[in-house]
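Notes to accompany the following structure.
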Ligand SMILES: *Cc1c(COP(=O)(O)O)cnc(C)c1O
């Protein structure tokens, strides 16, 4: 049947979108999708055909392209195929997933772990399975978007506390005692903040949450693999067990160099997620080859202390060099070392200048970060050489970050 002619007064579909896009953001703030050839070889990349050193990847330990990780991936793909074929609860869940979950439970020192297809989905799953409409949610104001969305979409009363402030959290918890015993309080925080690189005061937050009967959820996307003994994560580094942090979430696509995510905790937590986490139930299971590759990267992350040591050395060298240049560092001791620039234009200009010197660093602008705090988000990897750090410092010395822009 032929389509009828459109109503003459109606704008076309694309005209509607053009108008809305115009309304979303001025062109300088428009998000752009740029293909990085060879992105997973995270440190040496080609940009516009020119070899560059990248300081934007979350492959902190240099495992994404590790031969043993690739080999495990290929062997499992040969055995199981590429796709998992179905959701976990139908027929997509296999022995590689089981073994990975056992490894993740061991890595984090928790009784059980459950694999999700992405970190975004793990956080939304925590929200949908655990948090109910009468509950109260307290989030650090700089939490990752997926953690904020988990709280916002739960329908619970939602509030943010000042960044990394256990005292601010305590005040809000005290003000909002539960109306009845059937409701819960939830405190949600990043372990390492993804755009600032600082570490949440988990010991204090856990104490405050516990003393108010609230449950602490830690999103350790940037801590798993890099922090704590054997890369057990930010909670383990702070000596916090399952009583202090009953819900521990981590991702596989950052330091572990693969893809996917997990939640670790008690038997009851995992059972609840299997029953009620919609982003677990209604999605295709992680490919078994990704699970197998992740097992290899967990083995390497646990065994290779030198990767964490090297990363620390790179961070220390960078901070010393940047401080000597008079650059404004943020209070971060992690692989994420942002340089505050201020305006969007200055951040974009700095990023473009670095690129012209063979260095790839991304400019991060609002709304990903608060207004007026556009920055260069510099990340380090154990795959960097010392010479790469020197090259970066040298390039930064040629920029005039912070000066007014035309
Ligand atoms: C990257 C990230 C996520 C999302 O994980 P994906 O697996 O990439 O979806 C969640 N939380 C934090 C803090 C992150 O940095």
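Numbering (my numbering), first residue to last: 3 to 408. The beta carbon of each residue, even a glycine, is placed where N, CA and C say it ideally should be. All of these numbers come straight from a predicted model, not from anything done at the bench.
Ligand 1 site residues, beta-carbon cut 5 angstroms against heavy atoms: 120, 121, 122, 146, 148, 192, 196, 221, 223, 253, 255 and 263
Excluding the five sequence neighbours on either side, which residues of its own chain have a C-beta within less than 7 angstroms of the C-beta of residue 283, listed in chain order? Counted from its first residue, the chain shown places residue 283 at position 281. Around residue 283: 89 and 91.
Could one say the Cβ of residue 36 lies closer than 8 angstroms to chain B's Cβ atoms, at least one of them? Of the protein chains in the structure, only one exists, and it is not chain B.
Only counting the same chain, and skipping five residues up and downstream in sequence, which positions put a Cβ closer than 7 angstroms to that of residue 342? Within the chain shown, the letter at position 340 stands for residue 342. Taken in chain order, the residues that qualify are 330, 332, 375 and 377.
Residue ranges of each alpha helix (DSSP H) within the region 39–126, 4 or longer: 69–82 and 97–110
Cβ distance (whole Å) where residue 134 is taken to contact residue 158 below 8 angstroms: Your numbering for residue 134 matches position 132 in the chain shown. Your numbering for residue 158 matches position 156 in the chain shown. Correct: roughly 7 angstroms between the Cβ atoms.
Going straight from the alpha carbon of residue 241 to that of residue 271, what length do you get? Looking up residue 241 in the chain shown gives position 239. Looking up residue 271 in the chain shown gives position 269. Their Cα atoms are separated by approximately 21 angstroms.
Buried or exposed: which applies to residue 382, given that a residue is buried once 16 or more other Cβ atoms fall within 10 Å of its Cβ? Reading the chain shown from its first residue, position 380 is the one you call residue 382. Residue 382 is buried by the Cβ-count criterion.
Figure out for me which residue from 61, 168, 147 and 211 has the closest Cα to the Cα of residue 203. For the purposes of this step, residue 203 is identified with residue 201 of the chain shown, where counting begins at 1. When only C-alpha atoms are compared, the closest one is 168.
With 16 as the cutoff for other CB atoms within 10 Å, does residue 188 come out buried or exposed? If you number the chain shown from 1, residue 188 lands on position 186. Counting Cβ neighbours within 10 Å, residue 188 comes out buried, since at least 16 surround it.
Would residue 268 and residue 65 be called neighbours here (beta carbons separated by less than 8 angstroms)? Working through the chain shown from its first residue, we reach residue 268 at position 266. Working through the chain shown from its first residue, we reach residue 65 at position 63. No, these two residues do not count as a Cβ contact at 8 angstroms.
Touch test, the region 142–149 against the region 189–197, Cβ-Cβ under 8 angstroms, three pairs minimum: yes
Nearest neighbour of residue 56, chosen from 396, 388 and 357 [CA to CA]: Against the chain shown, residue 56 aligns to sequence position 54. Of the candidates 396, 388 and 357, the one whose C-alpha sits nearest the C-alpha of residue 56 is 357.
Does the separation of the CB atoms of residue 281 and residue 94 fall below 8 angstroms? Indexing the chain shown from 1 puts residue 281 at position 279. Indexing the chain shown from 1 puts residue 94 at position 92. In this structure, residue 94 does not lie closer than 8 angstroms to residue 281 by Cβ.
Between residue 363 and residue 379, what straight-line distance do the alpha-carbon atoms span, to the nearest angstrom? Taking the chain shown and counting its residues from 1, the one referred to as residue 363 is at position 361. Taking the chain shown and counting its residues from 1, the one referred to as residue 379 is at position 377. Distance between the alpha carbons of residue 363 and residue 379: 7 angstroms.
Only counting runs of 3 or more residues, tell me where the beta strand (DSSP E) segments fall wholly within the region 308–364, in order along the chain. 338–344
How about residue 290 and residue 78: are their beta carbons less than 8 angstroms apart? On the chain shown, position 288 is the one that residue 290 refers to. On the chain shown, position 76 is the one that residue 78 refers to. Yes, the pair counts as a contact, with Cβ atoms nearer than the cut-off.
Which value, in whole angstroms, describes the spacing of the CA atoms of residue 257 and residue 386? For the purposes of this step, residue 257 is taken as residue 255 along the chain shown, with counting starting at 1. For the purposes of this step, residue 386 is taken as residue 384 along the chain shown, with counting starting at 1. For residue 257 and residue 386, the distance between alpha carbons rounds to 14 angstroms.
Can you tell me the Cβ-Cβ gap for residue 233 and residue 226, rounded? I've got them flagged as a contact below 8 angstroms. The count along the chain shown starts at 1 and reaches residue 233 at position 231. The count along the chain shown starts at 1 and reaches residue 226 at position 224. Yes, residue 233 and residue 226 are in contact; Cβ-Cβ is about 7 angstroms, under 8 angstroms.
Burial state of residue 15 (16 or more Cβ within 10 Å): Position 13 of the chain shown, counting from 1, holds the residue named residue 15. Classification of residue 15: exposed, given that the 10 Å Cβ count is below 16.
Can you grab the Cα-Cα spacing for the pair residue 209 / residue 323, in whole Å? To locate residue 209, count along the chain shown from 1; it is residue 207. To locate residue 323, count along the chain shown from 1; it is residue 321. Looking at the two C-alpha atoms, the distance is approximately 37 angstroms.
Return yes when the C-beta of residue 145 is under 7 angstroms from any heavy atom of ligand 2, and no when it is not. Looking at this structure, you won't find ligand 2 anywhere; what it does contain is ligand 1.
From residue 301 to residue 251, what distance separates their C-alpha atoms? Stepping through the chain shown from its first residue, residue 301 is reached at position 299. Stepping through the chain shown from its first residue, residue 251 is reached at position 249. In a straight line, the C-alpha of residue 301 is about 19 angstroms away from that of residue 251.
Assuming residue 401 and residue 266 are in contact, meaning their beta carbons sit under 8 angstroms apart, how far apart are those beta carbons, in whole angstroms? Within the chain shown, the letter at position 399 stands for residue 401. Within the chain shown, the letter at position 264 stands for residue 266. Residue 401 to residue 266, Cβ: 42 angstroms. No contact.
For residue 142, which residues does DSSP report across the bridge? Here residue 142 is taken as the residue at index 140 of the chain shown, counted from 1. Answer is 163.
Please say whether residue 384 and residue 409 have beta carbons closer to each other than 8 angstroms? Here the chain comprises residues numbered 3 to 408, so residue 409 is not present and cannot be evaluated.
Count the other CB atoms, across all protein chains shown, that sit within 10 Å of the CB of residue 433; report buried if there are 16 or more and exposed otherwise. In the structure as shown, the chain begins at 3 and stops at 408. Residue 433 is therefore absent and cannot be evaluated.
Residue 259 burial status per 10 Å Cβ neighbour count (16 or more: buried): One-based indexing of the chain shown puts residue 259 at position 257. Classification of residue 259: buried, given that the 10 Å Cβ count is 16 or more.
With residue 367 and residue 31 assumed to form a contact (beta carbons below 8 angstroms), what rounded beta-carbon distance in angstroms separates them? Numbered from 1 along the chain shown, position 365 holds the residue referred to as residue 367. Numbered from 1 along the chain shown, position 29 holds the residue referred to as residue 31. Indeed, because the Cβ distance is near 6 angstroms, the residues count as touching under 8 angstroms.
Alpha-carbon to alpha-carbon, residue 292 and residue 235: Walking along the chain shown from the start, residue 235 turns up at place 233. Walking along the chain shown from the start, residue 292 turns up at place 290. Cα to Cα, the separation comes out at about 21 angstroms.
Helix, strand or coil: how does DSSP classify residue 226 here? Taking the chain shown and counting its residues from 1, the one referred to as residue 226 is at position 224. Coil at residue 226, not helix or strand.
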